[in-house]
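Numbering (the working numbering), first residue to last: 4 to 219.
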């Protein structure tokens, strides 16, 4: 899904204020549904540390490189860390370990990339995938995406932010790119990781304003 241009515009004609206003009632439903899911869902403790690498917005923010870094770092410490992912666009529902014979059509792109560095499980049901990984010897799990999934108890929740686009117009889907209210997402986060396009890149004033008051 390609993000609409107005998701990343706050002011002016490109911000599509009319469309944004028309979509806002649907955003309220998204907000209500997400909050209700967290309120009524009991989280499962799988018995090993579980690190969630997630984000607050739809689309890519750099979660996969962070997941790879964590998996490699943990495995260098002789911790049997295993990746867990939903397998977006793959036909496998799982839970299933990513094998050499798997293709993009089977499990999606990201699981194949992760599997170059560590064992990876694909599962449409994250709780089922986590249990399968633990039953096969995982002593730690790094979950790629899932910050909005309450079914698993997280030991550490990381929110990855693309510093170039930040949180877009700051509105909830479909009026904007946020998966839930920004305050809700950051309140559950133990740390925020800003992914910058270059070392000399300055974080935008808009992003700093969006983060102001959300971080202690």
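Just so you know, even glycine gets a beta-carbon here, dropped at the ideal spot from N, CA and C.
Fair warning: this is a prediction, and the values are worked out from it, not measured in the lab.
- Residue 140 and residue 83 have their alpha carbons spaced roughly 7 Å apart.
- Residues 10, 11, 179 and 180 of the same chain have their beta carbon placed closer than 6 Å to that of residue 171, with the five preceding and five following residues left out of the count.
- For residue 88, the uninterrupted beta strand (DSSP E) segment begins and ends at 84-88.
- Where residue 147 is concerned, the enclosing beta strand (DSSP E) starts and stops at 143-147.
- For residue 10, there is no enclosing alpha helix (DSSP H), as DSSP gives it neither H nor E.
- DSSP places residue 165 in the uninterrupted beta strand (DSSP E) bounded by 159-165.
- Inter-residue distance for residue 119 and residue 55 is about 19 Å (C-alpha atoms, whole angstroms).
- Counting along the chain, residue 71 sits inside the alpha helix (DSSP H) bounded by residues 66-79.
- Inclusion of residue 109 and residue 93 in the CB contact set at 8 Å is warranted, their separation being smaller than that value.
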